[in-house]
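Step one of this worksheet: look at the structure below.
Protein chains: 4
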Amino acid sequence: MVVRVTVWGENVHDRQHPVVARIYPRGMHGCIAEGLNADPEIRARCATLDMPEHGLAASVLDETDVLTWWGHKAHDQVDERIVDRVQQRVLEGMGLIVLHSGHHARIFRRLMGHNCNLVWREAGEKERVWVCNPGHAIAQGLPPWFDIPHEEMYGEPFGIPNPDEVVFLSWFAGGEAFRSGVTFRRGAGRIFYFRPGHETYPTYHQAEVQRVLRNAAKWARPEGRISWPCPNRPAEQAPERLAVVPGAPS
Amino acid sequence: MVVRVTVWGENVHDRQHPVVARIYPRGMHGCIAEGLNADPEIRARCATLDMPEHGLAASVLDETDVLTWWGHKAHDQVDERIVDRVQQRVLEGMGLIVLHSGHHARIFRRLMGHNCNLVWREAGEKERVWVCNPGHAIAQGLPPWFDIPHEEMYGEPFGIPNPDEVVFLSWFAGGEAFRSGVTFRRGAGRIFYFRPGHETYPTYHQAEVQRVLRNAAKWARPEGRISWPCPNRPAEQAPERLAVVPGAPS
Amino acid sequence: MVVRVTVWGENVHDRQHPVVARIYPRGMHGCIAEGLNADPEIRARCATLDMPEHGLAASVLDETDVLTWWGHKAHDQVDERIVDRVQQRVLEGMGLIVLHSGHHARIFRRLMGHNCNLVWREAGEKERVWVCNPGHAIAQGLPPWFDIPHEEMYGEPFGIPNPDEVVFLSWFAGGEAFRSGVTFRRGAGRIFYFRPGHETYPTYHQAEVQRVLRNAAKWARPEGRISWPCPNRPAEQAPERLAVVPGAPS
Amino acid sequence: MVVRVTVWGENVHDRQHPVVARIYPRGMHGCIAEGLNADPEIRARCATLDMPEHGLAASVLDETDVLTWWGHKAHDQVDERIVDRVQQRVLEGMGLIVLHSGHHARIFRRLMGHNCNLVWREAGEKERVWVCNPGHAIAQGLPPWFDIPHEEMYGEPFGIPNPDEVVFLSWFAGGEAFRSGVTFRRGAGRIFYFRPGHETYPTYHQAEVQRVLRNAAKWARPEGRISWPCPNRPAEQAPERLAVVPGAPS
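Protein chains in written order, with my numbering: chain X, 1 to 250; chain G, 1001 to 1250; chain E, 2001 to 2250; chain L, 3001 to 3250.
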């Protein structure tokens, strides 16, 4: 069954920064969606910050199995009500793939309950991505490692809860190492954070990176859809017969 | 070394509800603090919602190793700036013990990134608390199980991230089971959620419950204090010599 | 794609104990396989202790996506070489579903690294199974809870590593609670332990139990197949150029 | 309270290999114990393979809070009965620190339930150890990173269950990254694996490494001592009154 992906892009650098616009003429989101759509089992479309409701109307999320998120410059322009909505959908089962500087996106911080801080450097250095578990769905079809010729560096400590699994580690030419592919489950939803993707380098054009995103989209598809009510189950509906004792019995 | 605990109480039921006032004449927080202070290695004091800054001024938190949190009726009166502050302190190392209806406190939802919903029933039924790991610090000195004669029921599904460890399970006379003692680590901080403690029953007077809280206070003491900066480490400070490549090299 | 399941049965009680033989005339494994085969996406066949290589020849495992394991009386008759083989296959990606008294099977203890001990009672009491995460693949199609009229009781503490996820909790009429559905990942393999299934009760005939097993079989299918070599990568094959420094340089 | 550590050394290279003997004239274990004993809260003594019961008689373990393990060449000479005994003690609460090539020690493989394989290279290259969580007890007093001038390389994939926490990552000059400090809990026991420590380099003389070991020894001290029985709790001892239903009721 086809995985329906909504690729969310902040779309600010893409329009304002000539270098980014040259690398990603259809926007970073456009490139990411194209890479996903190369797989016949995935159908990706785009949504951006400047659209009404940031392109994430309830009707859009109704038809979204997995949401990918790239943002950087305008995290604080994302409406908290949309963040509420996306969080709710993740807990209900929607997959979420957070990319690169999305570590500071409101939705990621919200779901992590952490600051998601890290150390960083923009020097265009080489990043080498290592596979920690070649048996993980997200690592299928990858070599033991692959290099990204030029990237921003992210270093430890990375302020996240301990992940369910560390799928990738990154090695940087400048000397750092980083947990660059990590998974989390929240409610019924699967979350994958993937480090690479600085806007001024052509990372999302790279075949291995596109492969990771396709794998992740399939891995993150919902196992089931649930709501999270908080119901009262009164004594007469309890599975066992109960004699009610009013409060403060002593 | 003494563990400095701040016992936070909402202090609303305690003043407004005669049944609660009779059971807890010095407030629920007063009873909890008294139970903690029975251990010479713990020094507990109280803070309540109605105090300036809810009693959680920065200077108070500076001298707090572990914070306990009981709230129910007035979760939405807790100032988001205080929630920010407490979250920050937990990530920096302060322990947090969340009690009973505190599952819906802003600080708990914030740190969990989840709704923390559950099923509930007020019928004064019997709760039996089982120890899942008798070797855990929080379970020291407890029997294999203990009964609380009258309690509110909380049932699954409990909307939390998968905990680091399930220390206690509860069995209810009405037929439910619940993960009633669960631990989480966030940043440098240790978090323990403990289910029992409905305001209209004398739960915090019970010896086993007091023992759990004393154990938890010691378990949650900071391992270390850290801040979580998000620094730039420029190329000239990289551990390895780096030739900087400007953006968009291709 | 069809999930190929091998249902392993000890097949001792089934032949020697008239009560068991009456409930499970084709063996417990026969009943389990039948329940699985009710799903067109699953193709289950059986293997038993008394077969050559316990029915688990390498050629059989080559065509097994998921193995289910029920044993009780004859754990110590399972050849360690077969245990080695099954462990290796799980690490390489084969799913494993361990049932009831299989908690003490050599293969489960091997993979857990723990004793897997628990408290038990045979009194034919009622067991109620609660769903902790209705969004989990293994819980799809189940009600919030279901009752098994007569079962053996298993109680905490349960000697296992902290599971990746607690999918089910059990409530017992005799007063205990138990983590009765737990998942683990080891290497590329997914492991699910499911508590119910005492031989003298018709548990595996029950619709909800069969549903759990079908869900689990699909959940446990391999994400990928890998071997786990332990290779040397000499300096001339290192990703970065290296000048070799012989040992003890100082 | 003093932490009583037993430092276990294989003591084969140390006696047979002149380079190792020169770096560690009192054995690697001697150097490790000395580094631990620099802390007045730790009291370390040594045990080696060539002693009766490998120096790990029950009476020794009775007085051991934390066991450290370095082995390489003679893993298969460690008596399985001693491995049984050590495993049992860890589950009961004894801490275990496994060092470097101890990843293939029988006791580590036993407790992990995994092969613990990895990629390796002996080229005397630089290893840089990064702290992932500066708030973790094991990282106290360390800088953000420290270098070990010459070490063997270990690379991913590392065949272990997903750890409770990744405390350290290593960066290698040859281009690899590795989860080099990982924690696990098994039963009441805490386990820490620490990667550095190849026999032909003076790693255990280095101040930061000694600091890690002292921190780890204190972190791993038992929270409590428990046995893991597997008792029957008959109906007449059940917490709730039970009418026994004999097997096969239908």
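Built from N, CA and C at the ideal position, the CB exists for glycine as well.
Spell out whether any CB of chain X is found under 8 Å from the CB atom of residue 2044 of chain E.
no
Run down chain E in chain order and give the residues with a C-beta less than 8 Å from the C-beta of residue 1239 of chain G.
None at all; the shortest Cβ gap to chain E is about 14 Å.
Below 8 Å on the Cβ atoms is my contact criterion, and I expect residue 144 of chain X with residue 129 of chain X to pass it. Report the Cβ-Cβ distance as a whole number of Å.
Not a contact, Cβ separation roughly 10 Å.
Using only CA atoms, which one of E:2244, E:2073 and E:2153 lies nearest to residue 2179 of chain E?
E:2153
Per-residue contacts from residue 2179 of chain E into chain G (C-beta, under 8 Å)
1132, 1166 and 1169
Near residue 1058 of chain G, which residues of its chain fall below 8 Å by C-beta distance, leaving aside the five closest residues on each side in sequence?
1085
For residue 92 of chain X, would you say it is in contact with chain L, using Cβ-to-Cβ distances shorter than 8 Å as the test?
no
Closer than 6 Å by C-beta to residue 2181 of chain E: which residues in its own chain qualify, once you throw out the five before and the five after it? Chain order, please.
2167, 2168 and 2194
Inspect the CB distances between the segment 1227 to 1234 of chain G and the segment 2030 to 2039 of chain E and report whether three or more fall short of 8 Å.
no
Name the residue from G:1148, G:1158, G:1239 and G:1139 whose alpha carbon lies nearest to the alpha carbon of residue 2156 of chain E.
G:1139
So if I threshold CB-CB distances at 7 Å, which residues from the segment 1110 to 1133 of chain G count as touching chain X?
1110, 1111, 1112, 1113, 1114, 1115, 1117, 1118, 1119, 1120, 1121, 1123, 1124 and 1125
How is residue 2132 of chain E classed by DSSP in three states: helix, strand or coil?
coil
Could you round the C-beta distance between residue 3188 of chain L and residue 1115 of chain G to whole angstroms and report it? I think they count as a contact, below 8 Å.
Actually they do not touch by this definition, with Cβ atoms about 33 Å apart.
For residue 119 of chain X, I'd like the list of residues in its chain whose CB is within less than 6 Å of its CB, leaving aside the five on either flank, ordered along the chain.
155
Given that a residue counts as buried once 16 or more other Cβ atoms are within 10 Å of its Cβ, and exposed if not, what is residue 101 of chain X?
buried
Short CB-CB distance (under 8 Å) between residue 2095 of chain E and chain X:
no
For residue 78 of chain X, does the count of other Cβ atoms within 10 angstroms reach 16, so buried, or fall short, so exposed?
buried
Give me whichever residues DSSP pairs with residue 1232 of chain G in a beta bridge.
X:120
Counting only runs of 4+ residues fully inside the segment 2014 to 2074 of chain E, write out the alpha helix (DSSP H) ranges in chain order.
2018 to 2023, 2027 to 2037 and 2058 to 2062
For residue 2208 of chain E, tell me which candidate among E:2136, E:2146, E:2064 and E:2088 has the shortest Cα-Cα distance.
E:2146
What residues in its chain sit with their C-beta under 7 Å from that of residue 2050 of chain E, if we drop five residues either side in the sequence?
2011
Distance, Cα to Cα, residue 3213 of chain L vs residue 1076 of chain G?
46 Å
For residue 3111 of chain L, collect the residues of the same chain with a Cβ closer than 8 Å to its Cβ; drop the 5 residues on either side in sequence, then sort them by chain order.
3087, 3090, 3096, 3184, 3186 and 3191
When you compare only the Cα positions, how much space is there between residue 1240 of chain G and residue 3124 of chain L?
17 Å
Determine the burial state of residue 3250 of chain L: buried for a count of at least 16 other Cβ atoms within 10 Å of its Cβ, exposed for fewer.
Bear in mind that a pLDDT of 47 at residue 3250 of chain L, under 50, signals an unreliable position, so the number given afterwards is only what the model happens to contain. The residue in question, residue 3250 of chain L, is exposed, as its Cβ has fewer than 16 Cβ neighbours within 10 Å.
So, residue 203 of chain X versus residue 165 of chain X, is the Cβ gap smaller than 8 Å?
no
Indicate the three-state DSSP secondary structure (helix, strand or coil) for residue 1242 of chain G in the structure shown.
coil
Neighbourhood of residue 263 of chain X by C-beta distance below 7 Å, restricted to the same chain and skipping five residues each side:
Because chain X spans 1 through 250 in this model, residue 263 of chain X falls outside it and cannot be assessed.
Rounded to the nearest angstrom, how far is the Cβ of residue 2141 of chain E from that of residue 2211 of chain E, given a contact under 8 Å?
6 Å
Buried or exposed (CB count within 10 angstroms, at least 16 for buried), residue 2063 of chain E:
exposed
Which same chain residues, not among the five before or five after residue 176 of chain X, have their C-beta less than 6 Å away from its C-beta?
153 and 155
Between the CA atoms of residue 2054 of chain E and residue 2048 of chain E - distance to the nearest angstrom
6 Å
Which of the three DSSP states, helix, strand or coil, is assigned to residue 3204 of chain L?
helix
Within 8 Å (strictly less), CB to CB, does residue 2250 of chain E reach chain L?
Low confidence applies here, because residue 2250 of chain E scores a pLDDT of 46, under 50, leaving its location unreliable and the question unanswered by this model.
From residue 3068 of chain L to residue 3107 of chain L, what does the alpha carbon distance come to, in whole angstroms?
11 Å
Pull up the distance between the alpha-carbon of residue 171 of chain X and that of residue 148 of chain X, whole angstroms please.
10 Å
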